[in-house]
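Quick mapping for you: the protein sequence lines, in order, are chains A and B.
Position 21, counted from 1, in the first sequence is what the working numbering calls 21; the numbers after and before it change by one each time, with no gaps.
Going from the second sequence to the working numbering is simple: count from 1 and add 128.
The beta carbon of each residue, even a glycine, is placed where N, CA and C say it ideally should be.
There are 2 protein chains.
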Amino acid sequence: MTPSQRPKSAVTGLAHLRVGFGDDFYVGPGRADLLELIGETGSISEAAKRMGMSYKRAWSLVQALNQGFGAPLVETARGGAAQGGATVTAAGQDILRRYRHMQEATRLAIADDVAAITRSHREAKGGT
Amino acid sequence: MTPSQRPKSAVTGLAHLRVGFGDDFYVGPGRADLLELIGETGSISEAAKRMGMSYKRAWSLVQALNQGFGAPLVETARGGAAQGGATVTAAGQDILRRYRHMQEATRLAIADDVAAITRSHREAKGGT
Numbered sequence: 001m002t003p004s005q006r007p008k009s010a011v012t013g014l015a016h017l018r019v020g021f022g023d024d025f026y027v028g029p030g031r032a033d034l035l036e037l038i039g040e041t042g043s044i045s046e047a048a049k050r051m052g053m054s055y056k057r058a059w060s061l062v063q064a065l066n067q068g069f070g071a072p073l074v075e076t077a078r079g080g081a082a083q084g085g086a087t088v089t090a091a092g093q094d095i096l097r098r099y100r101h102m103q104e105a106t107r108l109a110i111a112d113d114v115a116a117i118t119r120s121h122r123e124a125k126g127g128t
Numbered sequence: 129m130t131p132s133q134r135p136k137s138a139v140t141g142l143a144h145l146r147v148g149f150g151d152d153f154y155v156g157p158g159r160a161d162l163l164e165l166i167g168e169t170g171s172i173s174e175a176a177k178r179m180g181m182s183y184k185r186a187w188s189l190v191q192a193l194n195q196g197f198g199a200p201l202v203e204t205a206r207g208g209a210a211q212g213g214a215t216v217t218a219a220g221q222d223i224l225r226r227y228r229h230m231q232e233a234t235r236l237a238i239a240d241d242v243a244a245i246t247r248s249h250r251e252a253k254g255g256t
């Protein structure tokens, strides 16, 4: 199960990190998971299925990623994306790797505040 | 203009940070901005107005914050929340302060990856 498929409400700690790049490109957990699953499965349709997402939605996300970045992050084989297979380019792999690194760096950076709020939250819940 | 009021697409760097605490409480940029504006204005209705949000929506967010945390983060005076004024409790101020600190810590933690992706994004845009 990828992070964005977990129930939003069950997370303690970092739940959603979106990073923007100017007015045309951003990466968030859903886009990162989609890149990762396309890389793992070699297929946009299979990646969509595993994310519980329509093929049309996954395809439009791939288009948004490629056009937003300005160069292909996902390449599709000739003959139709659904059947022909898809690969994550070197640029796409770099962005996915960096996004995962940013998630980890964020988890570390916020850990003390998360622990402090968790303690006061538990006390508040215990006291009611 | 508070961070969540900026167009989502105009941000370079951290665009959205949501932090969860178990299955009943989370803080994101909209909730933080609402707490901050209630603290500044002493009024849920004025805070809602400044966020371009209905009073009903702001009130339901306040309820979700208070019930989710398990103790009041916002307290309303007797006689009606809209007229009677509202204050952010010490617990609410602590959570707001910690959320702003987590945003800053995250910006620092992701800065190198943001710079690297920004460079490759500019190169990709320049090359098309």
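- Shown here for A/Leu65: same chain residues with a beta carbon closer than 7 Å to its own, the five before and five after excluded, namely Arg31, Leu73, Val74 in chain order.
- Between A/Pro29 and A/Ile95, the alpha-carbon positions lie close to 12 Å from each other.
- In this structure, the CA atom of B/Thr217 is about 20 Å from the CA atom of B/Gly148.
- Closer than 8 Å to the CB of B/Arg159 there is not a single CB belonging to chain A.
- Counting only runs of at least 3 residues, the stretch 12–48 of chain A fully encloses the following beta strand (DSSP E) elements, listed from N- to C-terminal order: 13–21, 25–27.
- Interface with chain A (8 Å Cβ-Cβ cutoff): B/Leu145 is included.
- B/Leu236 belongs to the set of residues whose beta carbon lies under 8 Å from a beta carbon in chain A.
- Cα atoms of B/Tyr154 and A/Arg50: separation of roughly 26 Å, rounded to the nearest angstrom.
- For A/Thr106, the enclosing alpha helix (DSSP H) begins and ends at 90–126.
- The beta carbon of A/Leu17 lies closer than 6 Å to those of Gln103, Thr106 in the same chain, with the five residues before and after it left out.
- Under DSSP, A/Ala86 forms a beta bridge with A/Thr76.
- Residues of the same chain with a CB within less than 6 Å of the CB of A/Val114, apart from the 5 flanking positions on each side, are Gly13 in chain order.
- Take A/Gly39, set aside five residues on each side of it, and the residues of its chain with a beta-carbon closer than 6 Å to its own are Val88, in chain order.
- Residue contact check for A/Arg119 against chain B: no CB pair falls below 8 Å.
- A/Ala71 sits in coil when the DSSP states are folded into three classes, being neither helix nor strand.
- Take the alpha-carbon of B/Ser248 and the one of A/Arg57: they are about 26 Å apart.
- Per the coordinates, the alpha-carbon of B/Ala176 lies some 27 Å from the alpha-carbon of A/Thr118.
- Interface with chain A (8 Å Cβ-Cβ cutoff): B/Lys184 is excluded.
- With respect to chain A, the C-beta atom of B/Ala244 has a partner C-beta closer than 8 Å.
- Taking 8 Å as the threshold, the shortest C-beta distance from A/Lys49 to chain B does not fall below it.
- When secondary structure is reduced to three states using DSSP, A/Ser60 falls in the helix class.
- With at least 16 other beta carbons inside 10 angstroms of its own, B/Gly220 counts as buried.
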